[in-house]
Structures are given as structure tokens and as C-alpha cells.
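One structure is given here, and the rest of the page talks about it.
Residue numbers (this note's numbering): 5 to 173.
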């Protein structure tokens, strides 16, 4: 078997969204709201909060460490049957992100630690110009704890369990 045959085929893309943003703090908020709305519309509301936090951290890093005057950064959201991928591209390929332990009194430096703890996978990919930092969340449909819908309460005798038997009081 050749190396090309061993590589699994990529998952087919079910949904994709891509938008470029100006490097301003307002763009972080706009990207967070857009991702939350799209992930919910795509049928994964249980991933919306995590996706919003991930895009917020990645977009903030692009703004603080990857922006250049007059250049945009890009947020791309890709949904496959297995994962939701949040990718943020910026023009500064020479400034690669890395995990670091922030001191207790530091205001910054925890973003990638949050990404690493929250995402199922994350990494950096080089581009012809710049880099892409991505985070992936596994797509898991939640199993409800209880049936959804209206609940009907009926009046009746209360019951007590004793050694597996049900007896009215």
C-alpha cells in the first residue's frame, strides 16, 4: 500500500462561511456574534458558546499579533460531519503563536491556553502570505437528559420506593 492510499479522504464540507474583517476590536465582537448565529442556524446550538469563545480568542490574537496596517484578517467557519473548524488567518506569518504560562498579575497571555483546553484540536498552518490558526470542535449531538416538550403533571398518590417495590403511602 502506498502512502497516498493510507491517507484517509477528507470529510466532505457540509457548510462553510468566510468573512474578512478590518483589524479593529469591533471586528472581534462582530466575528463572535456571526459565529454564534451561524453555528446555531446550522443545527449545533450546543457548540455555539464554545465556538464564540474560540473565535474571540483567535481573532483577538490576529488583531494583537498578526495585523498589518491596511490588511484584513479572515475568519472561516467549516462544518463537516465530524468537526466544526474555526480558522483565523492574518498576514503575519513570521509571528507564530505559542502556549505560555501567564503570571497571575498579567492581563494577557491566556488566550491559547483557553483554546488548547476547549478545542479538540488546534494548530497553525502556513500560508503564502501569513498564517492560519485553527481550532476544531468535535460535532456531537447532545443527548437530552429528559424528553423535551410540555410536561404534564397529574394529581395522584405519592409513592415511595422500598427494595424495588412501589407502594402508595
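Glycine included, every Cβ here is placed at the ideal spot set by N, Cα and C.
Buried/exposed call for residue i, threshold 16 Cβ in 10 Å
i	result
residue 12	exposed
residue 60	buried
residue 40	buried
residue 71	buried
residue 74	exposed
residue 30	exposed
residue 27	buried
residue 105	exposed
Top-ranked residue by Cα proximity to residue i, from the options
i	options	result
residue 128	72, 142, 94 and 14	94
residue 135	67, 92 and 51	92
Rounded distance between the beta-carbons of residue j and residue i, thought under 8 Å
i	j	result
residue 143	residue 87	6 Å
residue 85	residue 15	6 Å
residue 132	residue 126	About 22 Å; that fails the 8 Å criterion.
residue 63	residue 32	5 Å
residue 25	residue 76	6 Å
Contacting residues, own chain, Cβ-Cβ under 7 Å from residue i (five flanking each side not counted)
i	result
residue 58	90, 119, 122, 123 and 139
Cβ neighbours of residue i in the same chain (closer than 6 Å, five flanking residues each side left out)
i	result
residue 80	22 and 91
Sufficient close CB pairs (3 or more, under 8 Å) joining the segment 19 to 32 to the segment 75 to 85 | As far as the Cβ criterion goes, the segment 19 to 32 touches the segment 75 to 85, which means the pair count is three or higher.
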